[in-house]
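A.B. asks: If you scroll down you'll find the structure; I have some questions about it.
Residue numbers (the numbering used here): 2 to 499.
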């Protein structure tokens, strides 16, 4: 049986519909009596809402209802957008699905219009008059931690969302005291905006008789959305919510998170007793999809006289945006700090992460989520160390790779590696790339004044199956997470796995 699978060309079952134009995405779906929602969003990064006048919007033909954040709050549903990953000392200020008193980033939703068609909904949304009192804002990741910075949540006293450390600080400090060479790197891993070809979309249909919600949405994680919608947003029992993911036109992490807009559409359906569809415009995508990265880091590497690593010290400011998104606290901690050893044998490591609130769009997991950020830090340090010590780029890596006979290898940042042959892997890569010839060509071009040739190195290790695991629980998360499975053997000899 295995021989028929291993090495065989397995066709993807989902492809025929997609490549022939028969795929059904959330915005393609139509339900009888369906309505459309448009969200009114703040043009300010930080402002107090003084008043909201919805009279002109309600007068537009086809408009069914206009709801504000206060309406949602008064309706009795929890109305919260929770963070799904907690650890000791984290601050979790209230995040409601529509702002009530204060807006904290450009794009923050303050009201929603429901109409018979999407164009009437959007036209009416432009006629909702919101009177704002602009307030001071902070958008810089590191400056948000400074005394005197404008506060995102004054009741917290500062903008520190959490202060997280991993590793042995005393051991690392001693390694630097003994070092023959030290390398220092200051870098910014810039903020970015995910751009899937399909914008986020939700179609909510609440059955008032059965008190059940069916929600079609662009999601990478329907089970998490159902759970958080039940626990925090709508107050419905989990078994009364069904979340369906049709075809999804790209996600890259940005469609894992629980956003306010899907909760708003669902709540609107509960209010009017009809299906409600909301689909983001491209501008809304830029403003409201969880952004990625935005780290400011100082990293230091200690080495002996032979170029062997003695210690690594990393201090990172991680921007959380205005609120803690679903998995945001995990990205610069469990998915970042635990990968800072890379493939290298580093005897001492200490990482310190200060996460800050700012008046910006919330930040969350995107394309690797913490692992690329960690690799960027370590590999930039290795590059600089090679230059500073006058050692060839491949050679300094080989000197410091975990040896094949050292596995299983326990890193200084919680994770244990089961196996590997990193020297063998890089040697094979150099051979396949024709590395010696590339270096010769690089030298020739420099001498001739021709177009320059750059050669870069990066080694990457992935953390798979990080949760559920004992490691996650040991690092201070509320739990090690969980999963379950069922295997049913039927009288016919067939097997069903859930």
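Even for Gly, the Cβ is constructed at its ideal location relative to N, Cα and C.
As the structure is a computational prediction, the values presented were derived from the model and not from experiment.
Is DSSP giving residue 2 helix, strand or coil here?
C.D. replies: Translated into the one-based positions of the chain shown, residue 2 becomes position 1. With a pLDDT of 48 at residue 2, under the threshold of 50, the predicted position of this residue should be treated as unreliable, though the coordinate-derived value follows. Correct three-state label for residue 2: coil.
A.B. asks: Report the option in 266, 175, 443 and 67 whose CA atom is closest to the CA atom of residue 216.
C.D. replies: Sequence index remark: in the chain shown, residue 216 carries index 215 (1-based). Comparing Cα-Cα distances from residue 216 to each of 266, 175, 443 and 67, the minimum goes to 266.
A.B. asks: Assuming residue 177 contacts residue 312 (C-beta within less than 8 angstroms), just tell me the rounded distance between them.
C.D. replies: As a working mapping, residue 177 is identified with position 176 in the chain shown. As a working mapping, residue 312 is identified with position 311 in the chain shown. Yes, residue 177 and residue 312 are in contact; Cβ-Cβ is about 6 angstroms, under 8 angstroms.
A.B. asks: I need the DSSP call for residue 19, collapsed to helix, strand or coil.
C.D. replies: Residue 19 sits at position 18 when you count from the first residue of the chain shown. The DSSP-derived three-state label of residue 19 is helix.
A.B. asks: Measuring CA to CA, which of 277, 70 and 303 is closest to residue 184?
C.D. replies: Against the chain shown, residue 184 aligns to sequence position 183. For the residues 277, 70 and 303, the minimum Cα distance to residue 184 belongs to 303.
A.B. asks: Pull up the CB-CB distance for residue 53 and residue 69, whole angstroms please, since I reckon it's below 8 angstroms.
C.D. replies: Along the chain shown, one-based indexing puts residue 53 at 52. Along the chain shown, one-based indexing puts residue 69 at 68. About 5 angstroms; that satisfies the 8 angstroms criterion.
A.B. asks: Any heavy atom of the ligand ZN inside 7 angstroms of the beta-carbon of residue 190?
C.D. replies: Questions concerning the ligand ZN fall outside what the structure shown contains, since it holds no ligand whatsoever.
A.B. asks: Whose C-beta lies closer than 8 angstroms to the C-beta of residue 221 among residues of the same chain, with five residues either side of it excluded?
C.D. replies: Taking the first residue of the chain shown as 1, we reach residue 221 at position 220. Correct list, in chain order: 246, 249, 252, 254, 256 and 257.
A.B. asks: Identify whether residue 86 lies in helix, strand or coil by the three-state DSSP scheme.
C.D. replies: If you number the chain shown from 1, residue 86 lands on position 85. Of the three classes helix, strand and coil, the one that applies to residue 86 here is coil, per DSSP.
A.B. asks: Could you have a look at residue 202 and say whether DSSP puts it in helix, strand or coil?
C.D. replies: Numbered from 1 along the chain shown, position 201 holds the residue referred to as residue 202. Reduced to three states, the DSSP call for residue 202 is strand.
A.B. asks: Do you know how far the Cα of residue 364 is from the Cα of residue 232?
C.D. replies: Mapped onto the chain shown, residue 232 falls at position 231. Mapped onto the chain shown, residue 364 falls at position 363. Whole-angstrom Cα-Cα distance: 22 angstroms.
A.B. asks: Which value, in whole angstroms, describes the spacing of the CA atoms of residue 341 and residue 414?
C.D. replies: Mapped onto the chain shown, residue 341 falls at position 340. Mapped onto the chain shown, residue 414 falls at position 413. Residue 341 and residue 414 have their C-alpha atoms spaced approximately 7 angstroms apart.
A.B. asks: I need the boundaries of the beta strand (DSSP E) containing residue 299, first residue and last residue.
C.D. replies: Along the chain shown, one-based indexing puts residue 299 at 298. Run containing residue 299: 293-304, per the beta strand (DSSP E) assignment.
A.B. asks: Taking the continuous alpha helix (DSSP H) assigned at residue 377, which residues delimit it?
C.D. replies: Mapped onto the chain shown, residue 377 falls at position 376. Boundaries of the alpha helix (DSSP H) harbouring residue 377: 372-390, taken from the DSSP string.
A.B. asks: Please go through the same chain and pick out, in chain order, the residues whose beta-carbon is closer than 6 angstroms to the beta-carbon of residue 92, but skip the five residues on each side of it.
C.D. replies: Position 91 of the chain shown holds residue 92. Excluding sequence neighbours, residue 92 sits near 157 and 162.
A.B. asks: Starting from the Cα of residue 108, find the closest Cα among 115, 98, 116 and 117 and give me that residue.
C.D. replies: Mapped onto the chain shown, residue 108 falls at position 107. If we check each option's Cα against that of residue 108, 98 comes out closest.
A.B. asks: Which value, in whole angstroms, describes the spacing of the CA atoms of residue 16 and residue 196?
C.D. replies: Locating residue 16 in the chain shown gives position 15, where the first residue counts as 1. Locating residue 196 in the chain shown gives position 195, where the first residue counts as 1. Approximately 22 angstroms, taken between the alpha carbons.
A.B. asks: Please state whether DSSP places residue 139 in a helix, a strand or coil.
C.D. replies: As a working mapping, residue 139 is identified with position 138 in the chain shown. In this structure, residue 139 counts as coil in the three-state DSSP scheme.
A.B. asks: Could you say which of 332, 206, 83 and 296 lies nearest to residue 272 if we only look at CA atoms?
C.D. replies: As a first step, residue 272 is located in the chain shown; it is residue number 271 there, counting from the start. Ranking 332, 206, 83 and 296 by Cα distance to residue 272 puts 206 first.
A.B. asks: Using beta-carbon positions only, say whether residue 385 and residue 186 come within less than 8 angstroms of one another.
C.D. replies: As a first step, residue 385 is located in the chain shown; it is residue number 384 there, counting from the start. As a first step, residue 186 is located in the chain shown; it is residue number 185 there, counting from the start. Cβ distance < 8 angstroms, so residue 385 and residue 186 count as in contact.
A.B. asks: Which of helix, strand or coil does DSSP assign to residue 52?
C.D. replies: Start at 1 with the first residue of the chain shown, and residue 52 comes out as number 51. Residue 52: strand per DSSP, three-state reduction.
A.B. asks: Can you tell me the Cβ-Cβ gap for residue 116 and residue 201, rounded? I've got them flagged as a contact below 8 angstroms.
C.D. replies: Locating residue 116 in the chain shown gives position 115, counting from the first residue. Locating residue 201 in the chain shown gives position 200, counting from the first residue. At roughly 19 angstroms, the Cβ-Cβ gap does not stay under 8 angstroms, so residue 116 and residue 201 are not in contact.
A.B. asks: Assuming residue 190 and residue 296 make a contact with CB atoms under 8 angstroms, what is their CB distance in whole Å?
C.D. replies: Residue numbering aside, residue 190 sits at position 189 when the chain shown is read from its first letter. Residue numbering aside, residue 296 sits at position 295 when the chain shown is read from its first letter. That pair is a contact at about 4 angstroms.
A.B. asks: On a CA-only basis, which of 455, 430 and 428 is nearest residue 441? Give me that one, please.
C.D. replies: Here residue 441 refers to the residue found at position 440 of the chain shown. Nearest of 455, 430 and 428 to residue 441, Cα basis: 455.
A.B. asks: Which of helix, strand or coil does DSSP assign to residue 183?
C.D. replies: Start at 1 with the first residue of the chain shown, and residue 183 comes out as number 182. Residue state, collapsed to three classes: strand.
A.B. asks: When you compare each of 102, 259 and 58 to residue 51 by their alpha carbons, which one comes out closest?
C.D. replies: Position 50 of the chain shown, counted from the start, is the residue given in the question as residue 51. That would be 102, whose Cα lies nearest to the Cα of residue 51.
A.B. asks: Using a Cβ-Cβ cutoff of less than 8 angstroms, which residues in the same chain neighbour residue 100 once the five nearest sequence positions on both sides are dropped?
C.D. replies: Position 99 of the chain shown, counted from the first residue, corresponds to residue 100. Counting only Cβ-Cβ distances below 8 angstroms, and skipping sequence neighbours, we find 43, 50, 70, 109, 110 and 111.
A.B. asks: Return the first residue and the last residue of the alpha helix (DSSP H) that residue 120 is part of.
C.D. replies: Within the chain shown, numbered from 1, the residue matching residue 120 stands at position 119. Segment 119-126, the alpha helix (DSSP H) holding residue 120.
A.B. asks: Residues in the same chain with beta-carbon distance under 7 angstroms from residue 277, minus the five sequence neighbours each way, listed in chain order, please.
C.D. replies: As a first step, residue 277 must be located in the chain shown, where it is residue number 276. Within the same chain, residue 277 has close Cβ partners 36, 38, 115, 205, 266, 269 and 270.
A.B. asks: Using a Cβ-Cβ cutoff of less than 7 angstroms, which residues in the same chain neighbour residue 59 once the five nearest sequence positions on both sides are dropped?
C.D. replies: Walking along the chain shown from the start, residue 59 turns up at place 58. These residues qualify, in order along the chain: 67.
A.B. asks: So, helix, strand or coil for residue 412, using DSSP?
C.D. replies: Stepping through the chain shown from its first residue, residue 412 is reached at position 411. Three-state DSSP puts residue 412 in coil, outside helix and strand.
A.B. asks: Does DSSP put residue 1 in a helix, a strand or coil?
C.D. replies: Residue 1 is absent from the structure shown; the chain starts at 2 and stops at 499.
A.B. asks: Can the beta-carbon of residue 167 be found less than 8 angstroms from the beta-carbon of residue 352?
C.D. replies: The count along the chain shown starts at 1 and reaches residue 167 at position 166. The count along the chain shown starts at 1 and reaches residue 352 at position 351. Yes, Cβ-Cβ distance for residue 167 and residue 352 is below 8 angstroms.
A.B. asks: Flag this pair as yes or no: are the beta carbons of residue 26 and residue 133 separated by less than 8 angstroms?
C.D. replies: The residue given as residue 26 occupies position 25 in the chain shown. The residue given as residue 133 occupies position 132 in the chain shown. At least 8 angstroms separates the beta-carbon of residue 26 from that of residue 133.
A.B. asks: On the DSSP bridge assignment, give the partners of residue 189 in chain order.
C.D. replies: Counted from its first residue, the chain shown places residue 189 at position 188. According to DSSP, residue 189 bridges with 297.
A.B. asks: My understanding is that residue 321 touches residue 357, with C-beta atoms under 8 angstroms, so please give their C-beta distance in whole angstroms.
C.D. replies: Indexing the chain shown from 1 puts residue 321 at position 320. Indexing the chain shown from 1 puts residue 357 at position 356. Between residue 357 and residue 321 the Cβ distance is about 6 angstroms, and since that is below 8 angstroms, they are a contact.
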